[in-house]
Every structure is written in structure tokens, then in C-alpha cells.
Amino acid sequence: DVSPAETVAKVCDVVPEVKKEKGMIRSASADDSTNLSSLERTRSMIKIRVKLFNLISRRPTQEDLYKR
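So the numbering used here is basically just the index in the sequence shown, starting at one, shifted up by 2.
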């Protein structure tokens, strides 16, 4: 079982444009006083990046093509 933080770290290491956001993600998850809205925005951003990464790292299926 991989923790979300580890997943984020892996995606950050692989996807170059995420590297510059790595520090922001780390600080957002480490700092409990961070307001929820920015944390939620960061989380949704991570989800989008992970989805993009998954699409890039494998060939699109027919289902993926129909969804667009």
C-alpha cells in the first residue's frame, strides 16, 4: 500500500513541470495551519496531474478516447 505522499513524490520526480510545485505540496501537507481552500486546490491539482501522468504513461484505450 503506497501512501498519497509517496505517490505525489513519485509523480513529482517523473513529471518535470510538477518539480517546481513539489515544495508547495510538501509545505501544504506538512503545515496543518494551511487554510483548507489552498490545500483542497493543491489536492485537486495533484489528482489532475496524476490523471495526466496515467494517461501519458500508458496507451489510451477506446474508453478513454470516447470520454473526450
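By construction, the Cβ of each residue, glycine as well, lies at the ideal position given by its N, Cα and C atoms.
Judged by DSSP in its simplified three-state form, ARG60 adopts coil rather than helix or strand.
Collapsing the DSSP output to three states places SER5 in coil.
By the neighbour-count criterion, in which 16 or more other beta carbons inside 10 Å mark a residue as buried, ILE50 falls on the exposed side.
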